[in-house]
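Novice: For reference, the structure I am asking about is given below.
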Amino acid sequence: MNRQELTKIKKDTYPHLIERLEKGGFVIDGEDIYPEGDFYKKQKRIVLRNCNVIDPASIEEYIARDGYFALEKCLSEMSREEIIDTVKKSGLRGRGGAGFPTGRKWEAAYVQTEPTKYIICNADEGDPGAFMDRSVLEFDPHSVLEGMAIAGLAVGAKHGFIYVRAEYPKAVDSLNIAIKEAEEKNLLGKNIMGSDFDFSIELRLGAGAFVCGEGTALMESIEGKRGMPRNKEFRTTERGLWGKPTVINNVETFANIAQIINKGADWFNSIGTKDSPGTKVFALVGKIEHSGLVEVPMGTSINTIVYDIGEGIQNGKKAKAVQTGGPSGGCIPTELFDTGCDFESLKAIGSIMGSGGMVVMDEDDCMVDVARFFLEFSVDESCGKCTPCRIGNKRLYEMLVDLTEGRGDETTIEKLETLSKVVCETSLCGLGQSSPNPILSTLHYFKDEYMAHVGDHKTCPAKRCKGILNYFITDKCIGCTKCARKCPVSCISGEVRAKHEIDSTKCIKCGQCMDACPVNAIILD
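Throughout the sequence shown, residue numbering follows UniProt numbering, covering 1 to 525 in sequence.
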């Protein structure tokens, strides 16, 4: 395979692809192709440019969209130093959450004299509600393979691994098909495109441990060990997989590489902000009218994403907060929705970019309960290697449970904040170091909700924490007895066609009575 052969495939395939897309209701605006609808108009699709556009099982359709031309350009026109310099000048930062400059990471591996080096694609996407990497792997796997091959060429690696969750069977199938296709066309394997460059890729399936999203834990897993973070004595670009120099980037980072090589560093720099160029893919979920994957230039405001793209909050409710960065992120109140979504801006207000989860919450969500939910996830997913994360997060979770069930007081809140800071400062890896972020951000912006849970009259303003609320039957009751018949502990009494009463000492607060009432006569207080 060479440029001439790639060009022939592109010329033969492109007209048929465009004809199919035009019939399928796609908007074709120069190089931009996207489905019709307002949801896409304010997006800028680089990483997602081929998703739902090409057939992921057809390498010809990927080539028709300039696929593998970047790899050919690197092999025929660019030195290894020039490739790395282009990525450095582009300003591309790792999209897995840390935001480390990709070019600097590649350069650090390139200068190592060890002849055996590795490339790893971190596809262990574990944030609740996140499905960015999964979509790219399922619908555009060749963009990841091409990015990995270019990285291998740049740093001098001949072998790559994609560490992908076994819970993503469609993504695994898509990758296996794509690897086989690329090998058949000499775009992976020995003497790629007739050059002296060899590069192979194989899959490693993860068992669903969230901690294996941390780079060194992931490497331990690939090596056949229990996935636990290593002590950071060396950078992975010095001693990574099997003690060899290793470059590890996530799916979205690799999916940007071919576009940067094809269009240049200046093009990529023209999108986004000065310190965070390019685009970012978010999984927009929660109490939002139009959920889904959103790709926007870095620096796009939360308001634009929630209201212009996502079309606002469901059921006419008011927004309360947006949580970014998954279980390690922070909760951002509505008064800060003008904040741009880039690394620096989100960090400045106590949140993080993370891998790109964005959960929208409305007025019916309790921020104390939200913090409890994310801490429960972190406790379950802790590998247990270090004491601050193993024990500290458990104690934090217990304090949050106490608050939501009415056993907390003001000293509980003080201890919660103090221990959160200790866990952040003393944990071994990123999981423990960032797991208290939901607590610290909600304490900062929603302290009044915490205080309501411990006041003289303990209550949950959002009516979510049933442990400190009681069910009451109001004068609207028509005595239909439906609530009494539904109650599993028989704590509701009353005559037919007369107002009923709930014995709060017996009530287990299951909510079945409220669901059964035809006139909404039952309330929480």
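The beta-carbon is built from N, C-alpha and C at its ideal position, and this holds for glycine as well.
Identify every run of the alpha helix (DSSP H) within the segment 165-227, keeping only runs that are complete inside it and at least 4 residues long; order them along the chain.
Specialist: 169-184, 215-222
Novice: Return the chain-ordered list of same chain residues with a C-beta closer than 6 Å to the C-beta of Gln-112, the five sequence neighbours on each side being excluded.
Specialist: Pro-245.
Novice: Rounded to a whole number of angstroms, what is the C-alpha to C-alpha distance between Cys-510 and Val-496?
Specialist: 23 Å
Novice: State buried or exposed for Asn-262, treating a residue as buried only when at least 16 other CB atoms are found within 10 Å of its CB.
Specialist: exposed
Novice: Kindly give me the distance between the Cβ atoms of Val-144 and Phe-254, rounded to whole angstroms, as I take these residues to be in contact under 8 Å.
Specialist: Contact flag correct, Cβ pair sits at about 5 Å.
Novice: Based on Cα-Cα distance, which residue from Ile-522, Asp-364, Ser-490, Met-1 lies nearest to Ile-508?
Specialist: Cα-wise, what sits closest to Ile-508 is Ser-490.
Novice: State yes or no: is the C-beta of Gly-160 within less than 8 Å of the C-beta of Phe-131?
Specialist: no
Novice: From Pro-438, Lys-11, Leu-524, pick the residue whose C-alpha is nearest to that of Thr-459; which is it?
Specialist: Leu-524
Novice: Hey, out of Thr-236, Phe-374, Gly-479, Pro-35, whose CA is closest to Gly-330's CA?
Specialist: Phe-374
Novice: Exposed or buried, what is Gln-4 when buried is set at 16 or more other beta-carbons lying within 10 Å of its beta-carbon?
Specialist: exposed
Novice: Mapping the DSSP letters down to three states, classify Val-144 as helix, strand or coil.
Specialist: Helix at Val-144.
Novice: Using the three-state DSSP reduction, which class does Ile-18 fall into: helix, strand or coil?
Specialist: helix
Novice: Which whole-angstrom value describes the C-beta separation of His-444 and Phe-39, a residue pair presumed to lie in contact below a C-beta threshold of 8 Å?
Specialist: No, His-444 and Phe-39 are not in contact; Cβ-Cβ is about 32 Å, not under 8 Å.
Novice: When the Cα of Cys-465 is compared with those of Leu-403, Glu-414, Ser-434, which residue comes out closest?
Specialist: Leu-403
Novice: Hey, out of Asp-85, Cys-366, Asn-393, Ser-90, whose CA is closest to residue 526's CA?
Specialist: This structure cannot speak to residue 526, because the chain is shown only from 1 to 525.
Novice: Are the CB atoms of Ile-177 and Gly-215 within a distance shorter than 8 Å?
Specialist: If you check the CB distance, Gly-215 and Ile-177 do not come in under 8 Å.
Novice: Report the start-end ranges of each alpha helix (DSSP H) in the segment 52-129 that is 4 residues or longer and not cut off at the edges.
Specialist: Runs found: 59-64, 69-77, 80-90, 102-110.
Novice: Any idea if Trp-242 is buried or exposed, counting beta-carbon neighbours within 10 angstroms, 16 or more meaning buried?
Specialist: Burial is judged here by how many other beta carbons sit within 10 angstroms of a residue's own beta carbon; Trp-242 has fewer than 16 and is exposed.
Novice: Who does Ser-301 pair with in a DSSP beta bridge?
Specialist: Gly-340
Novice: Going by DSSP, which residues form a beta bridge with Cys-331?
Specialist: Its beta-bridge partners are Gln-323.
Novice: Report yes if the CB atom of Ser-382 is closer than 8 Å to the CB atom of Ser-441, and no otherwise.
Specialist: no
Novice: Report the option in Ile-391, Asp-448, Lys-486 whose CA atom is closest to the CA atom of Pro-518.
Specialist: Lys-486
Novice: Which one of Asp-409, Asp-448, Tyr-450, Arg-390 has the shortest CA to CA distance from Val-422?
Specialist: Comparing Cα-Cα distances from Val-422 to each of Asp-409, Asp-448, Tyr-450, Arg-390, the minimum goes to Arg-390.
Novice: Taking DSSP's pairing of strands, which residues face Tyr-471 in a bridge?
Specialist: Leu-524
Novice: For Ser-345, I'd like the list of residues in its chain whose CB is within less than 6 Å of its CB, leaving aside the five on either flank, ordered along the chain.
Specialist: Thr-339
Novice: Tell me whether Gly-194 is buried or exposed, calling it buried when 16 or more other Cβ atoms sit within 10 Å of its Cβ.
Specialist: exposed
Novice: For Ala-283, which three-state DSSP category applies?
Specialist: Ala-283: strand per DSSP, three-state reduction.
Novice: Could you pull the start and end residues of the alpha helix (DSSP H) that Asn-393 belongs to?
Specialist: 393-404
Novice: When DSSP builds the beta bridges, which residues end up paired with His-159?
Specialist: Looking at the DSSP assignment, His-159 forms a beta bridge with Tyr-118, Ser-200.
Novice: Flag this pair as yes or no: are the beta carbons of Cys-51 and Asp-124 separated by less than 8 Å?
Specialist: no
Novice: Keeping to the same chain, check which residues put their C-beta closer than 7 Å to that of Asp-127; ignore five residues upstream and five downstream.
Specialist: Gly-326, Pro-327, Gly-354, Ser-355, Gly-357
Novice: Quick one: grab the DSSP three-state call for Ile-508.
Specialist: Of the three classes helix, strand and coil, the one that applies to Ile-508 here is coil, per DSSP.
Novice: Comparing C-alpha positions only, which one of Thr-86, Glu-77, His-142 sits nearest to Asp-266?
Specialist: Thr-86
Novice: Enumerate in chain order the residues of its own chain whose CB-to-CB distance from Pro-148 is below 7 Å, with the five nearest sequence positions on each side excluded.
Specialist: The displayed chain sequence assigns Met, not Pro, to residue 148. These residues qualify, in order along the chain: Ile-119, Cys-121, Gly-160, Ile-201, Phe-254.
Novice: Return yes when the Cβ of Met-367 is within less than 8 Å of the Cβ of Glu-449, no when it is not.
Specialist: yes
Novice: Would you decide whether Asp-196 is buried or exposed? Buried here means 16 or more other CB atoms lie within 10 Å of its CB.
Specialist: exposed
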